[in-house]
Each structure stands twice: as C-alpha cells, then as structure tokens.
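*Asks:* Handing you a structure now.
Residue numbers (our numbering): 514 to 661.
Pasting the structure below:
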C-alpha cells in the first residue's frame with residue numbers, strides 16, 4: 514500500500530535532522546563559554562556550625578563540615594580548641610579525604626598526602642592545606658578564613 518499524503522518530505526526531515534545536530538554541536542561550545550564568562554565561585558567568609566555536633570569530639574579526632582560548596586575539616590586539638598582546614602588539595606583543587614587509621618589527609622587525584630596538621634608530606638601538593646580559624650561563640654562553632 515502506497516501512502517498518498519505525508520506530513521514530512523524527505524528534504525524537510527533531513528533539514529530538521531541537520532538543524533538538530535547543528536544545535537547540539539553548537540551547544541557543546543556555548544556551555545564552556547558561559548562558564549568562562551560567569552563569575553567564579555566565591556567561598557564564604559565564615560560558616561556557623563551548631564556546637565552540638567562537634568563538642569563531643571575526642572582530642573585528635575577529625576570531622577568534616579561544608580565550607581560553601583567545598584569540604585572542610587575540623588580537628589580537635591589536645592587543649593580542646595579546634596583547627597580547621599579547607600578540604601581541597603593545593604595541587605589541582607581535588608577534594609581530599611581524611612584517613613583516620615593513618616591520621617593523614619589523602620588526595621586521590623595524584624597521590625598527595627598531608628599530615629594531620631595539614632602539612633604536605635608526600636606527592637605533588639606544593640603547599641599545606643589552607644587553614645581556617647574555629648572559635649566558640651555561644652552555642653555555635655564559627656569557622657572563618659585565617660588572617661595569615
């Protein structure tokens with residue numbers, strides 16, 4: 514049976530197909546340009562954490578917290594104060610993880626290691642982890658950028 518009437522001709526179908534492929538191809542270039550033009554991420558000046566989640570930490574224990582869209586880590590010092598780090602490798606901005614059994618921070622991107630005080634000890638990281646200042650203010654633990 515032959516169809517006498519069609520909504521699309523072959524030419525119209527192929528033109529639509531090529532237009533769709535051209536749009537998808539152009540979109541792959543527009544995305545990076547938009548990301549380049551838009552302002553970059555700006556990390557927070559301070560983060561307020563409820564003290565209830567961190568006051569039961571043992572000396573030497575490390576816990577994570579959100580530092581904007583990046584990870585952060587809090588370490589309880591022996592004197593009861595807190596030391597904070599931005600959990601991003603100083604080599605190529607990969608996220609680091611804390612290995613509690615080894616008491617070290619590890620960057621899996623290029624096998625970078627930091628000791629428990631954030632100093633770079635192995636691999637390509639050129640500088641220590643960025644430090645944050647953590648102070649108790651009432652029932653909150655306020656983590657701020659260090660002035661150093």
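We put the CB at the ideal spot given by N, CA and C, even for glycine.
For clarity, every value in this text was computed on a predicted model and none was experimentally measured.
1) Check residue 621 in the structure and name its three-state DSSP category.
2) Pick helix, strand or coil for residue 645, following the three-state DSSP scheme.
3) Please classify residue 654: does DSSP put it in a helix, a strand, or coil?
4) Leaving out five residues before and five after residue 610 in sequence, what residues of the same chain have Cβ atoms less than 6 Å from its Cβ?
5) Quick one: any contact between the region 642 to 658 and the region 531 to 549, if contact means 3 or more CB pairs under 8 Å?
6) What does the alpha-carbon distance come out to for the pair residue 627 and residue 541?
7) Would a C-beta distance cut-off of 7 Å place residue 602 and residue 638 closer than the cut-off?
8) Exposed or buried, what is residue 587 when buried is set at 16 or more other beta-carbons lying within 10 Å of its beta-carbon?
9) Using a Cβ-Cβ cutoff of less than 8 Å, which residues in the same chain neighbour residue 616 once the five nearest sequence positions on both sides are dropped?
10) My guess is that residue 653 and residue 564 are in contact by the Cβ rule of under 8 Å, so how many angstroms apart are they, rounded?
11) For the alpha helix (DSSP H) that contains residue 550, what are its first and last residues?
12) Can you tell me which of 636, 580, 571, 593 puts its alpha carbon nearest to the alpha carbon of residue 459?
13) Just checking my contact of residue 558 with residue 643 at CB under 8 Å: how many whole Å lie between their CB atoms?
14) Could you check the C-alpha separation between residue 622 and residue 604 for me, to the nearest Å?
*Replies:* Taking the structure as given:
1) coil
2) strand
3) strand
4) 619
5) no
6) 37 Å
7) yes
8) buried
9) 573, 628, 629
10) 6 Å
11) 523 to 550
12) Only positions 514 to 661 of the chain appear in the structure, and residue 459 is not among them; the question remains open.
13) Incorrect: roughly 14 Å between the Cβ atoms, too far for contact.
14) 9 Å
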